[in-house]
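Under the working numbering, the first residue of the sequence shown is numbered -18, with each subsequent residue one higher.
To start, the structure itself, in structure tokens.
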Amino acid sequence: KEARRQVEASRMASRSQEIEAAEANLKQARAQLDAMNIRIKRQSVLAPAEGVVQDVFFRPGEIVNAGQPVVALLPPENRKVRFYVSEPELPKISLGERMRVTCDGCADDLFGRVSYIASRQEYTPPVIFSDKERAKLVFKAEARLEGAARALPLGMPVAVRPAPEPTGSAQ
């Protein structure tokens, strides 16, 4: 009986050592997995938000330093149209005013809100898409695009006109 107890105690000790070794191996494997996940995360390119790619700074195969931007994104809420307003028309628009945005082949329900009006006049840019190109001094203004208007291609020539507020809406 004593011999059996010694054999059993010996087995228990060796099993205990095997369990400790297995736990140590598991701990080491988890640490290696964590390290690999960190490496993968550091090598992944993630966008901080949705948006339209405005510019690409690197091509596949090029070396990028950590923290260096790979593309320039334009988030949907930052999409805007730039337009120019003559001095006689300036009193007719105000910040926050709803504007209808139109272009050739576009839907009729595109809108934006005036988000910027320059405080000084400037000379009309050499290439301007307006109905009254003869105006020499104008005020630059911008309207942030809303809804479906955010899908307009960047740089698309558009016309901008004041639009009534939809019925039953509050600003």
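Every residue, glycine too, gets a C-beta built ideally from N, C-alpha and C.
Only a predicted model underlies this, so the values are computations on that prediction, with no experimental measurement involved.
9 Å Cβ cutoff met for residue i and residue j
i, j, result
"Pro134", "Arg79", "no"
"Ala124", "Lys61", "yes"
"Glu103", "Leu91", "no"
"Val139", "Cys84", "yes"
"Val66", "Ile74", "yes"
"Gly77", "Val141", "no"
Per DSSP, cross-strand counterpart(s) of residue i
i, result
"Met17", "DSSP, once it has assigned bridges, lists no residue as partnering Met17."
"Ile0", "None, per the DSSP bridge assignment."
"Leu126", "Gly93"
"Glu103", "Val119"
"Val141", "Val82"
Member of the options whose CA lies at the smallest distance from the CA of residue i
i, options, result
"Asp36", "Glu58, Ala5, Ile44, Pro50", "Pro50"
"Glu68", "Lys121, Ala(-16), Gly136", "Lys121"
"Arg20", "Phe39, Ala47, Pro41, Leu7", "Ala47"
"Gly136", "Asp89, Phe64, Pro143", "Phe64"
"Val95", "Glu(-17), Asn59, Gly86", "Asn59"
"Leu71", "Thr148, Ala10, Pro143", "Pro143"
Residue i: CB within 8 Å of a non-hydrogen atom of the ligand GDP
i, result
"Asn59", "Ligands are entirely absent from the displayed structure, and the ligand GDP is therefore not among its contents."
Worksheet item: Are the segment 51 to 61 and the segment 13 to 32 in contact at 8 Å, needing three or more beta carbon pairs?
Response: yes
Fill in: Inter-stretch contact (C-beta, 8 Å, three-pair minimum) for the segment 16 to 25 and the segment 94 to 105
no
Practice prompt. Would you mind listing the beta strand (DSSP E) stretches within the segment 25 to 93 that are 3+ residues and don't spill past its ends, in chain order?
Written response: 33 to 37, 52 to 55, 61 to 67, 79 to 83
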